[in-house]
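Residue numbers (the working numbering): 41 to 360.
Presented below is the structure to which this report refers.
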């Protein structure tokens, strides 16, 4: 009778997309994108991961201190930290921490906050002392400052961005970390022609839908749509076309995003390579700390539920 059916538990939809969307509070289009790449079980793990509280990682400034010294300072302040596999400068804060700026070593420029997967990008780019490097979408400067540290602060790192307020953050971080090799460039990287053929390496950490970092902002999953992803892909493609012209012959370009959407990642790279036969993917060395993230195609994918860090896509392209 009608009475007994009203007492029945809420019946979840059979459709896996709708089912996961309801269970984990995600829009259907995002669930669909992940299901196509991962299948049901792993998509469910990824959704659950995105609903857990985010971790906070540090990147130790090796020009000022050592990972051991930061570890010891944190421990004596009662802050629990752990090392992060594959990341020689990485420490994960595991307990309660209070205000970031009050943690030991912050004001001395011993470290900066940067998620593990974003740290991987610097190692993939592999900047060398004395080189000219351009970071096309630099603000707030986590990767720009990492590049300068990896070069021993010896060379030139151009940090470009079109948002002056966000560049201010890059300037503050640069000063706190004591870095001298970073030059600021304000403006849209799609229209910077003065850099043609001057860079040994370019980093394009492109604006994206951020599907790899949804656990960091509660409302972010509702902010984008299929349509806005299409618009972002057009922007990413334009940025890649322009920033590729900055690379010297024989130089390289790293493309990275913190999203897990092929339209903004694999598709962008494949289309670029079809248009530019003189460019190719350069895979990391098999013995590198990046090898465990590298796919058969040669790009790197970081899946949060597999690797315990923000979702990321990155690839290094070389110009012949």
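For each residue, glycine too, the CB sits at the ideal point set by N, CA and C.
A Cβ-Cβ separation of about 6 angstroms places residue 102 in contact with residue 129 under the 8 angstroms criterion.
Using a 10 angstroms sphere on the CB of residue 189, the tally of other CB atoms reaches 16 or more, which defines it as buried.
Counting only runs of 3+ residues, the beta strand (DSSP E) found wholly inside the stretch 241-321 occupies 287-297, 319-321, in chain order.
Annotation: the continuous alpha helix (DSSP H) that includes residue 86 extends over 80-90.
As summarised for the stretch 53-133, the continuous alpha helix (DSSP H) elements at least 4 residues long and confined to that stretch are 56-64, 68-78, 80-90, 107-116, given in chain order. In terms of Cα proximity to residue 206, the closest of 305, 182, 286 is 182.
In the three-state DSSP reduction, residue 357 falls in the strand class (E or B). A distance below 7 angstroms between beta-carbons, with the five flanking residues on each side excluded, links residue 349 to the following residues of its chain, in chain order: 155, 156, 157, 342. By the neighbour-count definition (other C-beta atoms within 10 Å, threshold 16), residue 354 is a buried residue. By DSSP's assignment, residue 334 forms a beta bridge with 340. Excluding its 5 nearest sequence neighbours in each direction, residue 61 has C-beta neighbours in its own chain below 7 angstroms: 67, 68, 71, listed in chain order.
In this model, residue 99 and residue 150 are separated by some 9 angstroms (Cα to Cα). With fewer than 16 other Cβ atoms from the protein chains shown falling within 10 Å of its own Cβ, residue 140 counts as exposed. Residue 172 has 196 as its beta-bridge partners, per DSSP. Its Cα nearest to that of residue 166, the residue 329 stands out among 112, 329, 335.
Here residue 158 carries a helix assignment [DSSP, helix/strand/coil]. Measuring C-alpha to C-alpha distances from residue 224 to each of 203, 241, 238, 216 identifies 203 as the nearest. Under the 8 angstroms Cβ criterion, the stretch 78-98 does not count as touching the stretch 282-289, having fewer than three qualifying pairs. In terms of Cβ geometry, residue 142 and residue 170 do not form a close pair [threshold 7 angstroms].
In the assembly as shown, residue 80 is an exposed residue. Its beta-carbon has fewer than 16 other beta-carbons within 10 Å.
In its chain, beyond the 5 residues on either side, 195, 196, 238, 239, 240 have a beta carbon closer than 7 angstroms to the beta carbon of residue 172.
Distances from the alpha-carbon of residue 126 to those of 347, 359, 356, 358 put 347 closest.
In this structure, residue 319 sits near residue 357, with a CB-CB distance shorter than 7 angstroms.
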